[in-house]
Amino acid sequence: MEGKEEDVRVGANKFAERQPIGTAAQTQDKDYKEPPPAPLFELEELWSWSFYRAGIAEFMATFLFLYITILTVMGVVQAKSKCSTVGIQGIAWAFGGMIFALVYCTAGISGGHINPAVTFGLLLARKLSLTRALLYMVMQCLGAICGAGVVKGFQKGIYESNGGGANVVAPGYTKGDGLGAEIIGTFVLVYTVFSATDAKRSARDSHVPLLAPLPIGFAVFLVHLATIPITGTGINPARSLGAAIIYNKDHAWDDQWIFWVGPFIGAALAAFYHQIVIRAIPFKSRP
1 MEGKEEDVRV GANKFAERQP IGTAAQTQDK DYKEPPPAPL FELEELWSWS
51 FYRAGIAEFM ATFLFLYITI LTVMGVVQAK SKCSTVGIQG IAWAFGGMIF
101 ALVYCTAGIS GGHINPAVTF GLLLARKLSL TRALLYMVMQ CLGAICGAGV
151 VKGFQKGIYE SNGGGANVVA PGYTKGDGLG AEIIGTFVLV YTVFSATDAK
201 RSARDSHVPL LAPLPIGFAV FLVHLATIPI TGTGINPARS LGAAIIYNKD
251 HAWDDQWIFW VGPFIGAALA AFYHQIVIRA IPFKSRP
């Protein structure tokens with residue numbers, strides 16, 4: 001037994017930790033380059049085709065996102081038996097799966113935001129300029145309106161009689177419940193976006209074939225599972241606005257502020273948490 005114990009001792013100490021644990025990890029030299037903060041105003045972008053191409057990509061991605069997801073919602077709501085449809089789980093998969101696919105397709109062009117709350121969080125973290133953020137938000141909202149409009153054009157009767165995929169606070173829940181669900185749900189999403197696209201993580205875990213759109217889409221899926229019964233799950237102001245404009249009923253507008261205030265607060269908290277608490281970027285010494 002003594003020989004075996006010696007083997008275990010040697011084996012346990014022969015190989016050092018591949019990555020330091022705890023605070024020691026912060027003392028290591030960088031093996032990555034921290035991207036510089038984006039300028040607040042970058043007027044040169046206005047004369048660049050890539051700037052407008054990125055806006056078009058955001059429009060098209062949000063259009064497709066609304067089209068597929070609201071069609072899925074309509075299919076579930078109109079069914080007489082929920083067992084004959086994909087149910088809430090299917091709706092959640094439609095939202096998460098579309099985000100996965102669309103972020104994968106557009107990440108190299110626009111960054112694949114597809115959500116004004118994501119754009120707002122990245123703006124606060126200085127990941128993009130204000131001019132680009134405003135373009136993205138406008139194009140996202142226009143894409144959402146067009147996507148919901150096409151669904152209504154295809155099946156107007158079903159669309160009008162089944163809520164149009166509009167976000168409202170469900171009966172039995174208060175507006176505070178809905179606001180809290182939107183804040184926390186958006187925090188989960190935007191924090192996942194920051195973590196999945198972090199330069200330090202990409203360098204440190206380069207041996208791990210992590211596909212950034214996958215955890216982002218999975219976060220959307222999980223948040224929908226939790227909050228569909230409360231608000232129908234917004235966490236995306238463009239999605240909520242597009243459905244509300246096309247459906248255009250009073251009760252869809254009554255709670256609309258929740259689906260803007262909640263996601264923007266959640267995005268701001270996620271940006272603060274990741275940049276200041278987790279990464280401590282403002283406190284790092286400059287070379």
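If you count the sequence shown from 1, position 235 lands on 235 in full-length UniProt numbering, and the numbers rise without skipping. Virtual Cβ for every residue (Gly too), placed ideally from N, Cα, C. Predicted model only: the values in this text are computed from it and were never measured.
Item, Value
"So Leu259 and Glu182 are supposed to be a Cβ contact under 8 Å. How far apart are they, rounded?", "According to the sequence shown, residue 259 is Phe rather than Leu. The Cβ separation is near 6 Å, so the contact holds."
"If I measure Cβ to Cβ from Val277 and keep anything under 8 Å in the same chain, skipping five residues before and after, which residues do I get?", "none"
"Drop a sphere of 10 angstroms on the beta-carbon of Pro263, count the other beta-carbons inside from all chains shown, and report buried for 16 or more, exposed for fewer.", "buried"
"Thinking C-alpha only, which one of Thr62, Pro36 and Gln89 is nearest Pro116?", "Thr62"
"Between which residues of its own chain and Arg126 is the CB-CB distance below 6 Å, once the five residues before and five after are set aside?", "Pro37 and Ala38"
"In whole angstroms, what separates the C-alpha of Ala271 from that of Ile235?", "15 Å"
"Are Pro237 and Ala170 close, meaning C-beta to C-beta below 9 Å?", "no"
"In terms of alpha-carbon separation, which member of Lys200, Ala226, Thr231 and Ile56 lies closest to Gln256?", "Thr231"
"Is it right to say Lys175 is buried, meaning 16 or more other beta carbons lie within 10 angstroms of its own, or is it exposed?", "exposed"
"Ser50: which of Val76, Ile109, Gly149 and Leu269 sits nearest, CA to CA?", "Ile109"
"Considering only residues of the same chain and omitting the five flanking positions on each side of Phe41, which have a CB-CB separation below 7 Å?", "Ser129, Leu130 and Thr131"
"CB-CB under 7 Å to Gly96, same chain, minus the five flanking residues each way: which ones, in chain order?", "Gly217, Phe218, Val220, Phe221 and His224"
"Contact defined as beta carbons within less than 8 Å: I believe Phe59 pairs with Leu142. What is the distance between those atoms, to the nearest angstrom?", "6 Å"
"So, under 8 Å CB-CB, Ile158 and Met74 are touching, yes? Tell me the CB distance rounded to an integer number of Å.", "6 Å"
"On the premise that Gly164 lies in contact with Tyr67, defined as a C-beta separation below 8 Å, what is that separation, rounded to the nearest angstrom?", "Rounded, the Cβ-Cβ distance is 13 Å, inconsistent with contact."
"For Phe187, does the count of other Cβ atoms within 10 angstroms reach 16, so buried, or fall short, so exposed?", "buried"
"With a threshold of 16 other CB atoms inside 10 Å of the CB of Trp93, please say whether the residue is buried or exposed.", "buried"
"Can you grab the Cα-Cα spacing for the pair Asp177 / Val261, in whole Å?", "13 Å"
"Helix, strand or coil: how does DSSP classify Ala267 here?", "helix"
"Give the range of the alpha helix (DSSP H) segment to which Thr62 is assigned.", "Trp49 to Gln78"
"From Gly266, Leu241, Lys200 and Gly185, pick the residue whose C-alpha is nearest to that of Ala226; which is it?", "Gly185"
"What number of angstroms, rounded off, separates the C-alpha of Met139 from the C-alpha of Lys156?", "24 Å"
"When the Cα atoms are used, what is the spatial distance from Thr72 to Lys33?", "42 Å"
"If I'm right that residue 358 touches Ile91 with Cβ under 8 Å, what's the distance once you round it to whole angstroms?", "Outside the displayed span of the chain (1 to 287) sits residue 358, for which this structure offers no information."
"Assuming Ala166 and Ala57 are in contact, meaning their beta carbons sit under 8 Å apart, how far apart are those beta carbons, in whole angstroms?", "About 26 Å; that fails the 8 Å criterion."
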